[in-house]
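Undergrad: Chains as they are written, first to last, in my numbering: chain A, 344 to 827; chain B, 9 to 491.
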Amino acid sequence: MSRHRALLRNVVIGLEIHVQLLTRSKMFCGCSTQFGAPPNSQTCPVCLGLPGSLPVTNRRAIELGLRTALALHCDLGERSQFHRKNYYYPDIPKNYQISQYQYGVHPPLAVDGWMEIDIEGELRRMGIRRVHLEEDTGKLVHPEGADFSLVDYNRSGVPLMEVVTQPELRSPAEARVFLNALRQILQYAEVSIGRMEEGAMRCDANVSLRGPDGALGTRTEIKNLNSVRAVERALAFEAQRQAEVLAAGGVVVQETRHWDERLGVTFGSRGKEEAHDYRYFPEPDLAPIRVDAAWVRDVAGSLPEMPEARARRFAAAYGLGEYEAGLLVATKSPADFYEAAVAAHANPKAIANWQLGDVAAYLNEHALEIEDLRSRPEHLAALVRLIDDGTISGRIAKEVLAEMLAGGEEPETIVGRRGWVQISDEDALREAISAVIASHPGPVADVRSGKEKAIGFLVGQVMKRTRGKANPGVVNRLLKQALG
Amino acid sequence: MRWLDEPYHRLRPRLGREVTLSELVDAALARIESREPKVRAFLAVTGDQARTQARAWSARLAAGEPAPPLLGMTMALKDNLCTRGIPTTCGSRMLARFVPPYDATVTARLAEAGAILVGKTNLDEFAMGSSTENSAFGPSHNPWDQAYAPGGSSGGSAVAVAAREAMAALGSDTGGSVRLPAALCGAVGLKPTYGRVSRYGLVAFASSLDQVGPITRDVTDCALVLNVIAGRDELDSTSAEASVPDFTRALAGGVAGLRIGLPAEFFGPGLDAAVKSSVLAAVRSLEAAGARVQDVSLPAVEYALPTYCLIACAEVSSNLARYDGVAYGHRAAGAKDLYTLCARTREEGFGAEAKRRIMLGTFALSAGHYEGFYRKAQQVRTLLRGDFERAFAEVDVIAGPVAPTPGFRLGEKTADPLQMYLIDTYTIPANLAGLPAISVPCGFAAGLPIGLQLIARAFDEATLLRAAFAVEQAVPPLPEPPL
């Protein structure tokens, strides 16, 4: 058992992530990439692989690849080359997939990058082996009870980007952190919606256990993981399985395994593994992609600040805690929202509290994204300004906010319509205070006999009489005067 | 019928005055009907479409539209060029019933230019062969002697032009498939620079070598057709931006001062004596017209044939992978699983030569062999390009034979694929180097025509055509084929 544990401390994980790019048209033809259209309605001679058709590269897809490569600090060659990956399957109409492959003279789009991830407070640099582009395949449909299968080629030719890491992740939890950080970067770079759950990211994971002598063990590959949680669970199961095999004196077989989400196990393909020889060679129908310095400069110039850097800036410039800053930058639109609000009213701390508190809760409850709101960042800024200048109390502000988020009105309009302007006029408040003192002799006596706590009750009563509009600070002071 | 016996550019000024478009098309269709039993150039004759096109153009001209450049040119297309709504079989059982839903770029450009499609021509299956004997639908016959092969793979196109069934035709040239049949049938055949003519809609054989080219009665007609089909096409990433001059303009410029190179590698031991003397006589006639002739050397030519075999087979193994019976084309009946469906479809659909090349190419690309075969072949290709560059620093045009022998009988070489491959020895180098090359008739031996090959710098078809025109002026014209 101790050997088993020792093995589990030496997990080595590498990931291959397929990312669907945010392009309107396919990789090599003009067909739409829109999801959910009737079968084979988004096809043409090119993505159907009809005889005589030729591919033409989607420049936007290359640009998105370049954005990713730059965000991941990769080396960009001046030219890269598409290759044909040859294999027979009915979902690839040409029986080869146009992809990229690593040869000295025919490099993929980008190689040798890195990404920093935060592992329990320690920043670690994870190597990126390569970023390349390829086309998606069609989809086989097996109607129940039928003795035939159907093919839907709508997906055929949809642009995919593959990001391959070095085998440098040391635990399933690190794989999760990596995937979340990568998703963040892809969203920031506006390359992909990045949500695994919606199929915009798919992951294959390689895992092996390093032996006591430090040598890499035999690896297995788990295919087609469709959520971050599945990646973490599958890796944990597989590492454990390998450790058990080794601890029992067995050997790990190099193979492709699949993840059963329901049973929580990985399983090998039955029967003999077929050794694939994809017979890669440079795609003669496409000239090499030339990426000159000017193009790289343009793309680099159009990249937004990446999340980590932004979080550091938020903490420094806005006096936020690391945790708050991290939450705010987790996805791009809320961070943009926050910055716009702070620009409109310089109380970053309070705006962060409102955005991470009540606003986030509202979004959660209604399953909305911040960009779905009708309220603009300036509205949140105005709300905080109303508190800061004493126009409304924090308690009223909560109600204003709720109404503001639901209806999209400006907070001033809501406050005005509702007559929620805070009462700070001491004469007006003294009247209410006298009434409260007169009707609550018990608590009044408590306060007078030195039970300070009881004053809270009396403030509450005054607030109630004024329907929350009284300025609680002023009420507190006046009450103490009256009873003092 | 006499309209059909002269080149298009001579007929053109009389079109509409002495003969109407419809009369011309009817005559062409009658000619096809009478000669097809002897030569079998066509896999399909598109008579109805041709008559409709003729009427449509007449109406457009009557409505005041300007006459397009190839108005009334009856045109045959090799059956690996896609024609919307018209079967495009590639000479294969695999695509015997395949009807493309789109036109090749060249098909569309010719139609817009007023050419009238009269039919689809026979070819070696998927353009792989040198005699049309690899066609699943039987061979075509050389109009000069029907026992002889017309050459291939664009044999049907060359026969259609030489037998005067069509005024012009398009073929495709991967290793000589336009030039060889043009030479053996006594027509002019041009392989343009790689990238000069769009390959969109040309069913791929070897993508890095394939190029569409015209087969015509003479050099002027060749220039007219090239004017229309040349130029950048957004649908073909490998088509070049190079500007397209009017190729007819330079033709009569003469060859005074033109430097012509004779590579020793093109005149070695394998060359038939009659071909050699005919080719050299044509070169001397250019010299007499003011050209300067000198020796050049292309040492890598020695390796051209094996290099070509590796590259062409590798690419074809991938290009023909799509014919699996799933979405279109032949599908084997009764298969119970995917593997059987695919394997049996390919077993039934492809002929022997296609299978041979698919296997060779699959092997050449497979793990452990790529470096030694495909990669090495690409390196030789680079060497060969270097040879041509050095030669073209000294000369403007390189001259040599098209084929090592004047012609061969049907059946003569079918038993030995290597003998068949060797016919392409002199044509393959231009494909590997991507250079423009033309075959122009230069003589006659034992009743069969002989072709002179000229090769020029990339995108210098103007010089190539000017030299070919000078040859055409200098050598005696071919007689009528005995049909």
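No residue lacks a Cβ here, since even glycine has one placed at the ideal position from N, Cα and C.
1. Check whether the Cβ atoms of A/L391 and B/A335 lie closer than 8 Å to each other.
2. Mind listing which residues of the stretch 423 to 449 of chain A have their C-beta closer than 7 Å to chain B's C-betas, in chain order?
3. Kindly indicate which three-state DSSP category B/A231 falls into: helix, strand or coil?
4. List the residues that DSSP assigns as beta-bridge partners of A/N549.
5. Please state the DSSP three-state secondary structure of A/W602.
6. Determine the burial state of A/H347: buried for a count of at least 16 other Cβ atoms within 10 Å of its Cβ, exposed for fewer.
7. Can you confirm whether the stretch 209 to 221 of chain B touches the stretch 143 to 159 of chain B when touching is taken to mean that 3 or more C-beta pairs between the two stretches lie within less than 8 Å?
8. Is the CB-CB distance between A/E359 and A/D547 below 8 Å?
9. Go ahead and label B/Q302 buried or exposed: buried means 16 or more other beta carbons lie within 10 angstroms of its beta carbon, across all protein chains shown.
10. Along chain A, in chain order, which residues have C-beta atoms closer than 9 Å to that of B/S215?
11. Pull up the distance between the alpha-carbon of A/F624 and that of B/T54, whole angstroms please.
12. Would you list the residues sitting across from B/F50 in a DSSP beta bridge?
13. So B/G415 and B/L456 are supposed to be a Cβ contact under 8 Å. How far apart are they, rounded?
14. Could you tell me the distance, in whole angstroms, from the CA atom of A/D461 to the CA atom of A/R526?
15. Quick check: what's the CA-CA separation for B/V479 versus B/P449?
16. Rounding to the nearest angstrom, what Cα-Cα distance links B/V483 and B/L118 in this structure?
17. Can you tell which of A/G592, A/E575 and A/T508 has its C-alpha closest to the C-alpha of A/H361?
18. To the nearest angstrom, how far is it from the Cα of B/F241 to the Cα of A/F680?
19. For B/F145 versus B/L69, is the C-beta spacing smaller than 8 Å?
20. Using a Cβ cut-off of 8 Å, which residues of the stretch 231 to 257 of chain B contact any Cβ in chain A, in chain order?
21. Please list the residues of the stretch 371 to 396 of chain A that have a C-beta atom closer than 8 Å to any C-beta atom in chain B, keeping them in chain order.
22. Just checking: is the beta-carbon of A/Y681 within a distance shorter than 8 Å of some beta-carbon in chain B?
23. Whose C-alpha, out of A/A710, A/N567 and A/S535, is nearest the C-alpha of A/E406?
24. Is A/T400 close to chain B? Criterion is C-beta to C-beta, closer than 8 Å.
25. Closer than 8 Å by C-beta to A/E626: which residues in its own chain qualify, once you throw out the five before and the five after it? Chain order, please.
26. List, in chain order, every chain A residue whose beta-carbon is nearer than 8 Å to that of B/G209.
27. Just the C-alpha distance for A/V828 and A/A582, rounded to the nearest angstrom, thanks.
28. Would you please verify whether the beta carbon of A/V362 is less than 8 Å from any beta carbon of chain B?
29. Please go through the same chain and pick out, in chain order, the residues whose beta-carbon is closer than 8 Å to the beta-carbon of A/E540, but skip the five residues on each side of it.
30. Around the Cβ of A/H475, are there at least 16 other Cβ atoms within 10 angstroms (buried) or fewer (exposed)?
31. Who are the near neighbours of A/R600 in its chain, counting only those whose CB is closer than 8 Å to its CB and skipping five residues on each side?
32. Measure the CB-CB distance between B/T115 and B/T91 and report whether it falls below 8 Å.
33. Can you determine whether any heavy atom of the ligand FMN sits closer than 7 Å to the C-beta of B/A407, and answer yes or no?
34. Check the DSSP bridge columns for A/W457 and list the partner residues they point to.
35. What does B/S180 pair with, by DSSP beta-bridge criteria?
36. Show which residues of chain A have a CB atom less than 8 Å away from the CB atom of B/S286.
TA: Looking at the coordinates:
1. In the first sequence, residue 391 of chain A corresponds to position 48, counting from 1. In the second sequence, residue 335 of chain B corresponds to position 327, counting from 1. Taking 8 Å as the Cβ cut-off, A/L391 and B/A335 qualify as a contacting pair.
2. R427, N429, Y431, P433, P436, K437, N438 and Y439
3. Start at 1 with the first residue of the second sequence, and residue 231 of chain B comes out as number 223. The answer is helix: DSSP assigns B/A231 an H, G or I state.
4. As a working mapping, residue 549 of chain A is identified with position 206 in the first sequence. Beta-bridge pairing links A/N549 to A/G357 and A/E564.
5. As a first step, residue 602 of chain A must be located in the first sequence, where it is residue number 259. A/W602 falls in the strand class under three-state DSSP.
6. On the first sequence, residue 347 of chain A is found 4 positions in, with the first residue counted as 1. Classification of A/H347: exposed, given that the 10 Å Cβ count is below 16.
7. The stretch 143 to 159 of chain B is not in contact with the stretch 209 to 221 of chain B.
8. Position 16 of the first sequence, counted from the start, is the residue given in the question as residue 359 of chain A. Position 204 of the first sequence, counted from the start, is the residue given in the question as residue 547 of chain A. A contact, by the Cβ cut-off of 8 Å.
9. The residue labelled residue 302 of chain B in the question sits at position 294 within the second sequence. Classification for B/Q302: exposed.
10. For this step, residue 215 of chain B is matched to residue 207 along the second sequence. Within chain A, the residues near B/S215 are L397, E626, P627 and D628.
11. Sequence index remark: in the first sequence, residue 624 of chain A carries index 281 (1-based). Sequence index remark: in the second sequence, residue 54 of chain B carries index 46 (1-based). Going from the Cα of A/F624 to the Cα of B/T54 covers about 39 Å.
12. The residue given as residue 50 of chain B occupies position 42 in the second sequence. According to DSSP, B/F50 bridges with B/T129.
13. Stepping through the second sequence from its first residue, residue 415 of chain B is reached at position 407. Stepping through the second sequence from its first residue, residue 456 of chain B is reached at position 448. With 8 Å as the limit, B/G415 and B/L456 qualify as a contact, their Cβ atoms being about 4 Å apart.
14. Counting from one through the first sequence, the residue named residue 461 of chain A turns up at place 118. Counting from one through the first sequence, the residue named residue 526 of chain A turns up at place 183. Between A/D461 and A/R526, the C-alpha separation is close to 14 Å.
15. Mapped onto the second sequence, residue 479 of chain B falls at position 471. Mapped onto the second sequence, residue 449 of chain B falls at position 441. If you draw a straight line from the Cα of B/V479 to the Cα of B/P449, it is about 8 Å long.
16. Residue numbering aside, residue 483 of chain B sits at position 475 when the second sequence is read from its first letter. Residue numbering aside, residue 118 of chain B sits at position 110 when the second sequence is read from its first letter. One C-alpha to the other measures close to 30 Å.
17. Numbered from 1 along the first sequence, position 18 holds the residue referred to as residue 361 of chain A. With distances taken between Cα atoms, A/H361 lies closest to A/T508.
18. Here residue 241 of chain B refers to the residue found at position 233 of the second sequence. Here residue 680 of chain A refers to the residue found at position 337 of the first sequence. It is Asp, not Phe, that sits at residue 241 of chain B in the sequence shown. Spanning the two alpha carbons is a distance of roughly 46 Å.
19. Counted from its first residue, the second sequence places residue 145 of chain B at position 137. Counted from its first residue, the second sequence places residue 69 of chain B at position 61. Contact flag unset, no.
20. E242, L243, D244, S245 and T246
21. Listed by position along the chain: P388, L391, G392, L393, P394, G395 and S396.
22. Taking the first residue of the first sequence as 1, we reach residue 681 of chain A at position 338. With 8 Å as the cut-off, A/Y681 does not count as an interface residue toward chain B.
23. Within the first sequence, residue 406 of chain A is the residue found at index 63, counting from 1. Nearest of A/A710, A/N567 and A/S535 to A/E406, Cα basis: A/S535.
24. Position 57 of the first sequence holds residue 400 of chain A. By this cut-off, A/T400 is an interface position.
25. As a position in the first sequence, residue 626 of chain A is number 283, starting the count at 1. Cβ within range, chain order: P398, Q424, F425, H426, R427 and I441.
26. For the purposes of this step, residue 209 of chain B is taken as residue 201 along the second sequence, with counting starting at 1. Within chain A, the residues near B/G209 are G395 and S396.
27. This structure does not reach residue 828 of chain A, given that chain A is present from 344 up to 827, and the question cannot be answered.
28. Taking the first sequence and counting its residues from 1, the one referred to as residue 362 of chain A is at position 19. No, no contact with chain B.
29. Taking the first sequence and counting its residues from 1, one reaches residue 540 of chain A at position 197. Contacts found: N569 and S570.
30. If you number the first sequence from 1, residue 475 of chain A lands on position 132. The residue is buried, with at least 16 neighbouring Cβ atoms inside 10 Å.
31. Taking the first sequence and counting its residues from 1, one reaches residue 600 of chain A at position 257. Result list for A/R600: T563, E564, I565, K566, E581, T609, F610, G611 and S612, in chain order.
32. Position 107 of the second sequence, counted from the first residue, corresponds to residue 115 of chain B. Position 83 of the second sequence, counted from the first residue, corresponds to residue 91 of chain B. Result yes, Cβ atoms of B/T115 and B/T91 sit closer than 8 Å.
33. With respect to small molecules bound, the structure shown includes none, and the ligand FMN cannot be examined in it.
34. Your numbering for residue 457 of chain A matches position 114 in the first sequence. A/G470.
35. Position 172 of the second sequence holds residue 180 of chain B. Per the DSSP secondary-structure output, B/S180 pairs in a beta bridge with B/V220.
36. Here residue 286 of chain B refers to the residue found at position 278 when the second sequence is read from its first residue. Residues of chain A passing the Cβ test: none, with the nearest at roughly 36 Å.
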